[in-house]
Amino acid sequence: MTVMTAEQIEHFLDEVFPQRMGKIESVGEMCATMRLSIGHEHLRPGPRVSGPTMMGFADVALYVAILAQIGPEAMAVTSDLNCHFLRAASGDHDIIAHAKLIKLGRRLAVGEVQIFSASDDTRPVVHVTASYALPDKP
1 MTVMTAEQIE
11 HFLDEVFPQR
21 MGKIESVGEM
31 CATMRLSIGH
41 EHLRPGPRVS
51 GPTMMGFADV
61 ALYVAILAQI
71 GPEAMAVTSD
81 LNCHFLRAAS
91 GDHDIIAHAK
101 LIKLGRRLAV
111 GEVQIFSASD
121 DTRPVVHVTA
131 SYALPDKP
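Just so you know, we're using the UniProt record's numbering here: the sequence shown kicks off at 1 and counts up by one.
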């Protein structure tokens, strides 16, 4: 069961993490989907979407999936992130992240994110696995 809507999460992130990338398209049970409109600042030569852009975007998408489950928690932080670049993402199209939580415990969340180019939603361009350290609840 989600405890925050996409709109509530966007508002919370505006306050605590305004520099984040992307917009939330949806949140659900242990998952979230986000979209990033690609601008010049996200590109490397090619023009291709840069690796740091996709890693950061995946990190935000997983954070959103976590917030939807646990509520507003500014101090849930990334403790590990592993990224596999599967193919180039053209800078001519938005990218879409599908985040899915695999485990949500009291102190640790583990999940995966697949990023797709909006021009091809059948083959991921990036696969990320990550874990988040969750703060103790009083």
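A virtual CB, placed ideally from N, CA and C, is assigned to each residue, including glycine.
query                                                                                                                                                                                              : result
When DSSP labels each residue in this structure, what does phenylalanine 17 get in the three-state scheme?                                                                                         : coil
On the three-state DSSP scale, how would you describe alanine 58?                                                                                                                                  : helix
If you compare alpha carbons, which of Ala88, Asp136 and Leu13 is closest to arginine 106?                                                                                                         : Asp136
For the 8 Å Cβ check, are there 3 or more pairs between the stretch 119-130 and the stretch 62-82?                                                                                                 : yes
With a threshold of 16 other CB atoms inside 10 Å of the CB of methionine 34, please say whether the residue is buried or exposed.                                                                 : buried
Quick check on DSSP: helix, strand or coil for isoleucine 9?                                                                                                                                       : helix
Can you tell me which of the three DSSP states isoleucine 95 falls into?                                                                                                                           : strand
Got a sec, what are the start and stop residues for the beta strand (DSSP E) threonine 2 sits in?                                                                                                  : Here threonine 2 belongs to no beta strand (DSSP E), and DSSP marks it neither H nor E.
Please go through the same chain and pick out, in chain order, the residues whose beta-carbon is closer than 8 Å to the beta-carbon of leucine 108, but skip the five residues on each side of it. : Ser79, Ser131, Tyr132, Ala133 and Leu134
From the DSSP output, in three-state form, read off glycine 51 for me.                                                                                                                             : helix
Can you name the residues that DSSP bridges to glutamine 114?                                                                                                                                      : His98 and His127
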